[in-house]
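Q:
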Amino acid sequence: MIIKKDNCNKKNSFLRNLTLKIWDASKNIGENLIHFITKNKTIDINFFNNLEKILIQSDISYNTTRNIVQNVMQYSKKNKIYDHHKLYLYIKQIILKILIHVEQSLIIKNENPYIILVIGVNGVGKTTTIGKLAYYFYKQNRSVFLASGDTFRAAASQQLKLWSQKSYSNMMIPQYNKIDSSAVIYDAIQQSQQNNADILIIDTAGRAHNNIALMQELKKNVKIIRKKKNHAPHEIMLVLDAHIGQNAINQFKEFHKHIGITGIVLTKMDGTAKGGIIITLSNDYKIPIRYIGTGEQITDLHLFNAKKFINTIFINN
């Protein structure tokens with residue numbers, strides 16, 4: 032292996048630390064590719080068929096996989112390239128071109144406040160992501176207001192309150208249980224305006240992407256936000272678990288169909304996720320990937336950077 036966690040020094044650069052953190056998440060693409068390409072001596076139709084299998088096994092969609100493989104085949108044939116290393120580097124170049132288009136950081140405009148609605152299914156890390164986001168903006172000297180629109184889970188408000196304290200943010204907590212989430216959101220917008228907050232981040236209840244009733248409630252939340260403030264929410268941010276592959280794509284498709292997603296956060300990129308979900312989202316849907324979460328610490332949220340990600344999953348040897 033080229034990258035070993037045992038060699039990591041606490042004083043290493045940000046890039047090296049991030050590389051080590053997401054290495055486990057993406058090694059299935061990089062390791063499998065380099066093992067496959069160096070093992071196969073002949074560049075023929077079987078080579079490309081097996082390349083297709085490797086990419087699909089790495090959570091890359093069939094559509095995206097076919098685009099990559101067809102591109103590599105054409106490149107090899109046109110330029111009479113039969114060198115494994117050159118094909119490996121060309122695959123890297125193709126995927127970088129796919130990813131670079133979704134490397135779009137969130138631009139916070141002066142909206143008093145700029146409203147971010149955070150959505151997703153249960154267990155993906157929405158509330159944790161909100162805490163990290165709030166701290167990220169706090170470090171940019173922005174005032175942040177948090178609102179707990181999750182009125183289903185009893186501990187939701189307390190969990191968000193803890194994150195608000197860690198991130199030096201203000202928070203509007205519902206005064207009683209089972210209050211309508213739209214009412215909470217309405218009050219939060221009003222309070223954040225009165226306090227001249229730069230940013231309002233709204234947490235929502237986790238909901239199954241195929242639960243129509245809960246999707247309708249989310250639509251109601253969006254309608255209330257727009258009624259209170261024109262052109263808001265300014266960002267509808269979907270949080271996805273990078274571990275679950277195709278199921279995450281299904282979640283995205285349903286949320287996007289009902290609500291309209293403007294940005295994505297991929298969490299748990301420090302585990303055993305295959306990483307191909309990023310490539311699929313980028314190629315098939317072209318929705319900006321704002322951040323990746325790499326751990327439980329409040330600083331474990333990073334802007335998505337295509338080159339850093341590519342340099343992590345492709346071993347330069």
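FYI, the numbering for the sequence shown is 32 to 348, going by our numbering. For each residue, glycine too, the CB sits at the ideal point set by N, CA and C.
Taking all protein chains shown into account, do 16 or more other C-beta atoms lie within 10 angstroms of the C-beta of residue 163, making it buried, or fewer, making it exposed?
A: Label assigned to residue 163: buried.
Q: CA-CA distance, residue 135 and residue 173?
A: Rounded to the nearest angstrom, the two C-alpha atoms are 20 Å apart.
Q: Could you tell me if residue 282 is buried or exposed, where buried requires 16 or more neighbouring beta carbons within 10 angstroms of its beta carbon?
A: Classification for residue 282: buried.
Q: Measure how close the beta-carbons of residue 157 and residue 61 come, nearest whole angstrom, since I'm counting them as under 8 Å.
A: That belief does not hold up - the Cβ atoms of residue 157 and residue 61 are roughly 29 Å apart, past 8 Å.
Q: For a minimum of 4 consecutive residues, which ranges assigned as the alpha helix (DSSP H) are wholly contained in the segment 171-224?
A: Counting whole runs of 4 or more residues, the segment 171-224 contains the alpha helix (DSSP H) stretches 187-197.
Q: Would you tell me roughly how many angstroms separate the C-alpha atoms of residue 170 and residue 198, rounded to the nearest one?
A: Residue 170 and residue 198: Cα-Cα distance of roughly 9 Å.
Q: Does the Cβ of residue 37 have 16 or more other Cβ atoms within 10 Å, making it buried, or fewer, making it exposed?
A: Per-residue confidence for residue 37 stands at a pLDDT of 43, beneath the threshold of 50, marking its modelled position as unreliable; the derived number appears in the next sentence. By the neighbour-count rule (16 or more Cβ atoms within 10 Å), residue 37 is not buried but exposed.
Q: For residue 299, I'd like the list of residues in its chain whose CB is within less than 6 Å of its CB, leaving aside the five on either flank, ordered along the chain.
A: If we look at residue 299 and ignore the five residues flanking it on each side, its Cβ neighbours are 272, 273 and 274.
Q: Please check the pair residue 220 and residue 192, which I expect to be a contact at CB under 8 Å, by giving their CB distance rounded to whole angstroms.
A: With 8 Å as the limit, residue 220 and residue 192 do not qualify as a contact, their Cβ atoms being about 19 Å apart.
Q: With 16 other CB atoms within 10 Å as the buried threshold, where does residue 120 fall?
A: Counting Cβ neighbours within 10 Å, residue 120 comes out exposed, since fewer than 16 surround it.
Q: Here's the rule I'm using: 16 or more other beta-carbon atoms within 10 Å means buried, otherwise exposed. How should residue 145 be labelled?
A: Counting Cβ neighbours within 10 Å, residue 145 comes out buried, since at least 16 surround it.
Q: Note down, in chain order, each residue of its chain lying with its Cβ closer than 7 Å to the Cβ of residue 345, except the 5 sequence neighbours on either side.
A: Cβ neighbours of residue 345 beyond the five flanking positions: 61 and 123.
Q: Using three-state DSSP, classify residue 320 as helix, strand or coil.
A: Three-state result, residue 320: strand.
Q: Ordered along the chain, which non-local residues of its own chain (more than five positions away) have a Cβ less than 7 Å from that of residue 98?
A: Counting only Cβ-Cβ distances below 7 Å, and skipping sequence neighbours, we find 314.
Q: Buried or exposed: residue 57, going by 16 or more other Cβ atoms within 10 Å of its Cβ?
A: For residue 57, the predicted structure reports a pLDDT of 47, less than 50, and the residue's modelled location is therefore unreliable. A value from the coordinates is still provided. Flag for residue 57 reads buried.
Q: Between 129, 245 and 318, which has its C-alpha nearest residue 267's C-alpha?
A: If we check each option's Cα against that of residue 267, 318 comes out closest.
Q: Runs of 4 residues minimum, wholly inside the segment 215-302: which ones carry the alpha helix (DSSP H) assignment?
A: Entirely contained in the segment 215-302, the alpha helix (DSSP H) runs reaching 4 residues are, in chain order, 243-259 and 277-289.
Q: Only counting the same chain, and skipping five residues up and downstream in sequence, which positions put a Cβ closer than 8 Å to that of residue 96?
A: Cβ within range, chain order: 83, 86 and 87.
Q: If you drop the 5 nearest sequence neighbours on each side, which residues of the same chain put their C-beta closer than 8 Å to that of residue 93?
A: If we look at residue 93 and ignore the five residues flanking it on each side, its Cβ neighbours are 87.
Q: Please list the terminal residues of the continuous beta strand (DSSP E) segment that includes residue 145.
A: Per DSSP, residue 145 belongs to the beta strand (DSSP E) from 145-150.
Q: Counting along the chain, where does the beta strand (DSSP E) carrying residue 332 start and finish?
A: Residue 332 -> beta strand (DSSP E) spans 332-334.
Q: Within 10 angstroms of the Cβ of residue 252, are there 16 or more other Cβ atoms? Answer buried if so, exposed if not.
A: The residue in question, residue 252, is buried, as its Cβ has 16 or more Cβ neighbours within 10 Å.
Q: For residue 287, which residues in the same chain have their Cβ closer than 8 Å to its Cβ, ignoring the five residues on either side in sequence?
A: Hits under 8 Å: 269, 316 and 318.
Q: Out of curiosity, what's the CA-to-CA distance linking residue 90 and residue 278?
A: Computed Cα separation, rounded: 10 Å.
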